[in-house]
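K.L.:
Submitted below is the structure of interest, expressed as structure tokens.
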Amino acid sequence: MNHLLQRFSQSLCRLGINKPRERIVIALSGGADSVCLLLLFKKVSPQFGIELAAAHYNHGMRGKESDEDAAFVAELTNRLQVPLFLETAPLKWWQQEPGTKMEAARRLRYDFLSRSAEQAGARWIALAHHADDMAETVLFHMLRGSGIKGLSGIPAKRGPFVRPLLPFRRKELEEFLKAEGQHWRHDSSNDSDVYTRNRIRHQIMPALLSFNPKLVETLCRNADLLRADAEFLDRECELVYGQVQQEEGLKVQALVDLPLALRRRVLRRFLEPENPGSEKTDAILEQLQKNFGRSKIVDQVGGKYLINEGGILRSYEELPWLENQDFFYPIAIPKEKNHSVRLEVPEAEGSLEVTLSTKKPVSLMHDEGPPSKPMKTALQLKAEVLQRGPLSIRNRRPGDWLSLAGRAGRKKLKEFFIDKKIPRQLRDRIPLLTSGEEVLWVIGCWTGCHDTIDQPGQDVITFQWYGKTI
Numbered sequence: 006m007n008h009l010l011q012r013f014s015q016s017l018c019r020l021g022i023n024k025p026r027e028r029i030v031i032a033l034s035g036g037a038d039s040v041c042l043l044l045l046f047k048k049v050s051p052q053f054g055i056e057l058a059a060a061h062y063n064h065g066m067r068g069k070e071s072d073e074d075a076a077f078v079a080e081l082t083n084r085l086q087v088p089l090f091l092e093t094a095p096l097k098w099w100q101q102e103p104g105t106k107m108e109a110a111r112r113l114r115y116d117f118l119s120r121s122a123e124q125a126g127a128r129w130i131a132l133a134h135h136a137d138d139m140a141e142t143v144l145f146h147m148l149r150g151s152g153i154k155g156l157s158g159i160p161a162k163r164g165p166f167v168r169p170l171l172p173f174r175r176k177e178l179e180e181f182l183k184a185e186g187q188h189w190r191h192d193s194s195n196d197s198d199v200y201t202r203n204r205i206r207h208q209i210m211p212a213l214l215s216f217n218p219k220l221v222e223t224l225c226r227n228a229d230l231l232r233a234d235a236e237f238l239d240r241e242c243e244l245v246y247g248q249v250q251q252e253e254g255l256k257v258q259a260l261v262d263l264p265l266a267l268r269r270r271v272l273r274r275f276l277e278p279e280n281p282g283s284e285k286t287d288a289i290l291e292q293l294q295k296n297f298g299r300s301k302i303v304d305q306v307g308g309k310y311l312i313n314e315g316g317i318l319r320s321y322e323e324l325p326w327l328e329n330q331d332f333f334y335p336i337a338i339p340k341e342k343n344h345s346v347r348l349e350v351p352e353a354e355g356s357l358e359v360t361l362s363t364k365k366p367v368s369l370m371h372d373e374g375p376p377s378k379p380m381k382t383a384l385q386l387k388a389e390v391l392q393r394g395p396l397s398i399r400n401r402r403p404g405d406w407l408s409l410a411g412r413a414g415r416k417k418l419k420e421f422f423i424d425k426k427i428p429r430q431l432r433d434r435i436p437l438l439t440s441g442e443e444v445l446w447v448i449g450c451w452t453g454c455h456d457t458i459d460q461p462g463q464d465v466i467t468f469q470w471y472g473k474t475i
């Protein structure tokens with residue numbers, strides 16, 4: 006048993022629980038695992054200077070048996086002189102809580118443990134999961150078709166929750182309790198094969214152990230390897246996420262260019278707190294790869310719409326065109342040189358900054374092909390454009406047209422949208438810089454060809470768009 010205590014001390018050191026006067030709350034159900042955890046902590050606490058408390062949540066799901074568990078825990082902690090936090094769930098709590106009964110029970114229990122730790126001033130909450138729990142969890146996730154995170158099993162540390170018993174087998178914990186003369190409570194629900202986890206424990210594990218007597222150790226070792234890989238990929242995801250993110254969305258081209266493992270993680274990171282399964286994630290990525298240059302609805306996740314807007318993937322709780330409103334804002338030109346005015350355009354989720362200057366800028370003239378990056382949000386025109394009439398920023402109107410660069414003639418704005426494959430439902434959201442019916446700038450899509458800068462020393466007007474673009 007001294008060897009077991011030594012291994013437990015080593016486990017605490019690996020978890021970083023080795024500082025003097027460290028306060029720890031132990032989740033104590035009354036079963037063999039948690040009782041063993043409490044006794045082990047009690048034995049090593051003088052060595053580490055650890056201050057202990059225990060917490061027991063009575064779900065009341067097994068009637069008298071649950072109440073007897075609570076009484077047993079109270080007697081045990083009193084005998085060991087360990088402070089106890091005890092709470093009983095409200096009657097018929099499962100009728101008010103969302104999710105399955107087991108999910109709700111876990112949520113209530115963890116909430117209680119967190120509150121107990123806060124009240125005790127404890128940094129850590131110790132849970133009694135062991136190696137057999139780890140192996141059963143890995144098999145459970147494998148049968149469900151989980152990915153690398155599910156196959157990583159139970160983490161030894163997550164936030165304030167720590168699991169010092171993960172290196173130990175269930176059998177050796179029970180042998181320790183027997184040697185100490187310490188009884189424990191038996192949960193009768195663990196005998197029923199109604200629950201999937203119990204069937205794994207009672208039926209699948211014994212069958213697999215006949216093929217590999219070291220199955221538990223093998224599954225735990227594989228979980229450790231996969232967890233290390235998952236942690237590395239998660240760090241890589243955070244590194245590349247900032248490169249892929251743009252304007253509260255994701256750059257589709259940059260996303261589909263990533264390796265598949267990162268592609269999936271970046272997309273799931275974007276969709277948080279929703280957690281789409283692997284099939285849903287791959288279906289979304291497949292749609293983006295097929296149509297990454299086209300604006301369209303991609304899919305729905307968690308009641309939200311995923312829309313590819315001109316190469317930017319965005320998420321909306323409601324389709325943006327359901328609340329389309331016409332908007333029209335006259336543009337005021339600054340009266341003084343090198344001064345700016347800013348015009349808010351809430352319907353287009355952005356603002357336009359207008360500056361009058363005499364500096365010779367770089368020409369932004371180009372044809373009607375895909376604009377270069379700066380052209381999407383900035384335009385500079387000769388001040389003579391004001392002679393053609395007042396300027397405005399608005400959404401489309403019947404009869405709108407734009408001039409073609411490098412060739413004679415005009416093009417209807419409607420035809421331009423069709424050529425660019427911009428969905429009809431999105432066209433009313435696109436802000437336009439106009440002079441009458443002439444469109445000088447389709448913000449985010451196209452920059453007009455007339456009145457661009459061609460001589461030094463000319464008075465110029467610079468338009469800068471801040472906000473979303475299609």
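Here the sequence shown is numbered in the numbering used here, starting from 6 and rising by one per residue. We put the CB at the ideal spot given by N, CA and C, even for glycine.
(1) Taking 7 Å as the threshold (C-beta atoms), are ALA122 and LEU89 in contact?
(2) Classify PRO95 as helix, strand or coil using the three-state DSSP reduction.
(3) If we ignore side chains and look at the alpha-carbon of each, how far apart do GLN463 and LEU361 end up?
(4) Measuring straight from C-alpha to C-alpha, what distance separates GLY414 and GLU420?
(5) What's the gap between the Cα of VAL359 and the Cα of SER345?
(6) Rounded C-beta distance between PHE166 and LEU132? I'm assuming under 8 Å.
(7) Please work out which residues of its chain come closer than 7 Å, Cβ to Cβ, to GLY21, disregarding the five sequence neighbours upstream and downstream, and give them in chain order.
(8) Could you give the residue range of the beta strand (DSSP E) that holds THR474?
(9) I need the DSSP call for PHE275, collapsed to helix, strand or coil.
(10) Along the beta strand (DSSP E) that carries HIS8, what are the first and last residues, could you check?
(11) Determine, using beta carbons only, whether LEU156 and LEU213 come nearer to each other than 7 Å.
(12) For ARG347 and ASP229, what's the separation of their Cα atoms in angstroms?
(13) Since ILE31 and LEU43 are thought to touch, with beta carbons under 8 Å apart, how far apart are those beta carbons, to the nearest angstrom?
(14) From this set, MET210, THR474, GLU27 and PRO403, which residue's C-alpha is nearest GLU253's C-alpha?
(15) Please tell me whether HIS135 and ARG175 are closer than 7 Å, where the distance is taken between their beta carbons.
(16) What are the boundary residues of the alpha helix (DSSP H) that GLN305 is part of?
(17) Run through the DSSP bridge pairs and tell me what ILE398 is partnered with.
(18) So ALA32 is in the beta strand (DSSP E); what residue range does that whole segment cover?
(19) What separation, rounded to the nearest whole angstrom, lies between the Cα atoms of TYR476 and LEU357?
(20) Suppose you measure from the CA of ARG269 to the CA of ILE302; what does that come to, to the nearest Å?
(21) Would THR286 be called buried (16 or more neighbouring beta carbons within 10 Å of its own) or exposed?
(22) For CYS41 versus PHE216, is the C-beta spacing smaller than 7 Å?
(23) Express the C-alpha separation of GLU177 and HIS8 in angstroms, rounding to a whole number.
(24) Within the continuous beta strand (DSSP E) that includes GLN385, where are the two ends?
(25) Would you mind sorting VAL199 into buried or exposed? The rule is 16 or more other CB atoms within 10 Å of its CB.
(26) Rounded to a whole number of angstroms, what is the C-alpha to C-alpha distance between ILE3 and ARG402?
(27) Whose CA, out of CYS18, GLU73 and SER16, lies closest to the CA of GLY36?
(28) Exposed or buried, which one is THR363 when buried takes at least 16 other CB atoms within 10 Å?
(29) Go ahead and pull the three-state DSSP assignment for PHE90.
(30) Going by C-alpha to C-alpha distance, which of ALA184, GLY152, TRP129 and GLU27 sits closest to ASP234?
P.N.:
On the basis of the data shown:
(1) No, these two residues do not count as a Cβ contact at 7 Å.
(2) Note: PRO95 maps to coil in three-state DSSP.
(3) Annotation: GLN463 to LEU361 spans about 11 Å, alpha carbon to alpha carbon.
(4) Near 13 Å, if we compare the C-alpha coordinates of GLU420 and GLY414.
(5) Distance between the alpha carbons of VAL359 and SER345 is about 5 Å.
(6) Between PHE166 and LEU132 a beta carbon distance of about 6 Å is seen, short of the 8 Å cut, so the two are scored as contacting.
(7) So the list is empty, once near-sequence residues are dropped.
(8) Following the DSSP letters along the chain, one finds THR474 in no beta strand (DSSP E), marked with neither H nor E.
(9) In the structure shown, PHE275 sits in a helix (DSSP, three-state: H, G or I).
(10) Careful: HIS8 lies outside any beta strand (DSSP E), inside the alpha helix (DSSP H) at 7-20.
(11) Taking a C-beta distance under 7 Å as the contact criterion, LEU156 and LEU213 do not qualify as a contact pair.
(12) If I take the Cα positions, the gap works out to 55 Å.
(13) Their Cβ separation, rounded to whole angstroms, is 5 Å, which keeps ILE31 and LEU43 in contact under 8 Å.
(14) Of the candidates MET210, THR474, GLU27 and PRO403, the one whose C-alpha sits nearest the C-alpha of GLU253 is THR474.
(15) Closer than 7 Å, so yes.
(16) For GLN305, there is no enclosing alpha helix (DSSP H); the residue is found in the beta strand (DSSP E) stretching over 301-306.
(17) Per DSSP, TYR334 and LEU438.
(18) Bounds of the beta strand (DSSP E) holding ALA32 are 28-32.
(19) Summary: the structure shown does not reach residue 476, with the chain confined to residues 6 through 475, and so no result is reported for it.
(20) About 19 Å.
(21) Under a 10 Å Cβ-count criterion, THR286 is classified as buried, with 16 or more other Cβ atoms of the shown protein chains found around its own Cβ.
(22) No, the Cβ-Cβ distance between CYS41 and PHE216 is not below 7 Å.
(23) The straight-line gap from Cα to Cα measures roughly 11 Å.
(24) Where GLN385 is concerned, the enclosing beta strand (DSSP E) stretches over 383-387.
(25) With fewer than 16 Cβ atoms within 10 Å of its Cβ, VAL199 is classed as exposed.
(26) Because the chain in this structure spans residues 6 to 475, residue 3 falls outside the shown range and cannot be described.
(27) Ranking CYS18, GLU73 and SER16 by CA distance to the CA of GLY36 puts GLU73 first.
(28) Burial call: exposed.
(29) Strand at PHE90.
(30) Considering only alpha carbons, the answer is GLY152.
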